[in-house]
Amino acid sequence: DHIACALGPVRTREELLPFLTELAMVDDVASDTVDETRVLTAMARVLNADFMQWIGGPQYGQCLLRPLEELANSDDEPRREEAVKSLITIAKALPLSTLEAYYIPMLRNMAASDWFCQRAVAVALLPAVASRLCARKKGSGGDPPLAVELVNTIFSALGADDSPMVRRAVFQVLGDIAAAVFPVNDSVKAKLLEVLFVSFRLVMLAKAVYLPDTTVQ
-19 DHIACALGPV
-9 RTREELLPFL
1 TELAMVDDVA
11 SDTVDETRVL
21 TAMARVLNAD
31 FMQWIGGPQY
41 GQCLLRPLEE
51 LANSDDEPRR
61 EEAVKSLITI
71 AKALPLSTLE
81 AYYIPMLRNM
91 AASDWFCQRA
101 VAVALLPAVA
111 SRLCARKKGS
121 GGDPPLAVEL
131 VNTIFSALGA
141 DDSPMVRRAV
151 FQVLGDIAAA
161 VFPVNDSVKA
171 KLLEVLFVSF
181 RLVMLAKAVY
191 LPDTTVQ
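For the sequence shown, my numbering gives the first residue as -19, with consecutive numbering after it.
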């Protein structure tokens, strides 16, 4: 915060944030010192919606997405969790036009990642995005088509993910997704129930692989 204050909004956007992005990209958890790990975790914590005041306001909030996306891509779980928390605060504070132009493409990229941790991060971010998109339409008599599309594609696909970590993440946010979309679009209920059923079935099948055979001969 102090560095950003001294640099001013323009230099913070054009110099500091690209530097922090590069720092996060070259990070190697295996070779990190304790101090380096703490610094990067603190960075993930600080780059939240409150930091927008140092970059010129929410209209420039997309500048925070790139470094946080890299921090959320870390093997270090505490760092990744802090990045997710910051990304959620930003989803709640961005102008809707910026959310749709920058945040949602980032979310789609994470959901399509080959790395399961990135897909789990996408699941964690989806409720905040769906809530914003649905809130825009509440009381207007219309359905939030983009929110429905995100739930129908990203959420349902990841609910049947091969990774137990991703499926667990889906279970953890199911209530938040329901709270976001149920009041404005009843048609999504069936899709969410389908996601839950598929995820539950896959979890049971995964457990069955490791259970001993107790069949009576």
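C-beta: ideal position from N, C-alpha, C; glycine also.
**Asked** Which residues in the same chain as Val64 place their Cβ atom closer than 8 Å to its Cβ, once the five residues preceding and following it in sequence are excluded?
**Response** Here residue 64 refers to the residue found at position 84 of the sequence shown. Its chain contains Ala52, Val101, Ala104, Leu105 as the residues whose beta carbon lies nearer than 8 Å to that of Val64, once the 5 sequence neighbours on both sides are disregarded; these appear in chain order.
**Message:** I'd like the span of the alpha helix (DSSP H) that includes Ile157, first residue to last.
**Reply:** Counting from one through the sequence shown, the residue named residue 157 turns up at place 177. Taken as a continuous stretch (DSSP letters only), the alpha helix (DSSP H) holding Ile157 covers 144 to 161.
**Item:** Nearest-angstrom Cα separation, counted from Ala170 out to Arg18
**Value:** If you number the sequence shown from 1, residue 18 lands on position 38. If you number the sequence shown from 1, residue 170 lands on position 190. Near 44 Å, if we compare the C-alpha coordinates of Ala170 and Arg18.
**Request:** Please look up how many angstroms separate the CB atoms of Gly41 and Ala92, rounded, as I've assumed it's under 8 Å.
**Result:** Here residue 41 refers to the residue found at position 61 of the sequence shown. Here residue 92 refers to the residue found at position 112 of the sequence shown. Wrong, their Cβ atoms sit about 23 Å apart, outside the cutoff.
**Request:** Count the other CB atoms, across all protein chains shown, that sit within 10 Å of the CB of Pro47; report buried if there are 16 or more and exposed otherwise.
**Result:** One-based indexing of the sequence shown puts residue 47 at position 67. With 16 or more Cβ atoms within 10 Å of its Cβ, Pro47 is classed as buried.
**Asked** By a C-beta neighbour count over all protein chains shown, 10 Å radius and 16 as the cutoff for buried, is Thr1 buried or exposed?
**Response** The count along the sequence shown starts at 1 and reaches residue 1 at position 21. By the neighbour-count criterion, in which a residue is buried when 16 or more other Cβ atoms sit within 10 angstroms of its Cβ, Thr1 is buried.
**Request:** Determine the burial state of Val128: buried for a count of at least 16 other Cβ atoms within 10 Å of its Cβ, exposed for fewer.
**Result:** Position 148 of the sequence shown holds residue 128. With at least 16 other beta carbons inside 10 angstroms of its own, Val128 counts as buried.
**Request:** Work out the CA separation of Leu113 and Leu76 for me, nearest whole Å.
**Result:** The count along the sequence shown starts at 1 and reaches residue 76 at position 96. The count along the sequence shown starts at 1 and reaches residue 113 at position 133. So the two alpha carbons sit approximately 8 Å from each other.
**Item:** Close Cβ partners of Trp34 (< 8 Å) along its chain, the five nearest in sequence each way excluded
**Value:** Here the question's residue 34 lines up with position 54 in the sequence shown. Excluding residues up to 5 positions away in sequence, Asp(-19), Ala(-16), Cys(-15), Pro(-11), Thr(-8) lie with their Cβ nearer than 8 Å to the Cβ of Trp34 in the same chain.
**Request:** Compute the Euclidean distance between the alpha carbons of Ala108 and Phe31, then round it to the nearest angstrom.
**Result:** The count along the sequence shown starts at 1 and reaches residue 108 at position 128. The count along the sequence shown starts at 1 and reaches residue 31 at position 51. Straight-line Cα distance between these residues: approximately 18 Å.
**Request:** Indicate the three-state DSSP secondary structure (helix, strand or coil) for Trp95 in the structure shown.
**Result:** Taking the first residue of the sequence shown as 1, we reach residue 95 at position 115. DSSP places Trp95 in coil when its eight states are reduced to three.
**Through-space distance from Asp56 to Leu(-13), alpha-carbon basis** = Counting from 1 along the sequence shown, the entry for residue -13 is found at position 7. Counting from 1 along the sequence shown, the entry for residue 56 is found at position 76. In this structure, the alpha-carbon of Leu(-13) lies about 29 Å from that of Asp56.
**Message:** Excluding the 5 residues flanking Ala71 on each side, which residues of the same chain have their C-beta closer than 8 Å to its C-beta?
**Reply:** For the purposes of this step, residue 71 is taken as the residue at position 91 of the sequence shown. Within the same chain, Ala71 has close Cβ partners Leu79, Tyr83, Leu105, Ala108, Val109, Arg112.
**Item:** Buried/exposed call for Glu(-5), threshold 16 Cβ in 10 Å
**Value:** Here residue -5 corresponds to residue number 15 of the sequence shown, with the count starting at 1. Burial call: exposed.
**Message:** Could you tell me the alpha carbon to alpha carbon distance between Arg148 and Gly37, rounded to whole angstroms?
**Reply:** Within the sequence shown, numbered from 1, the residue matching residue 148 stands at position 168. Within the sequence shown, numbered from 1, the residue matching residue 37 stands at position 57. One alpha carbon belongs to Arg148, the other to Gly37, and they sit about 35 Å apart.
**Message:** If you reduce the DSSP assignment to three classes, tell me which class Val19 lands in.
**Reply:** Position 39 of the sequence shown, counting from 1, holds the residue named residue 19. Helix at Val19.
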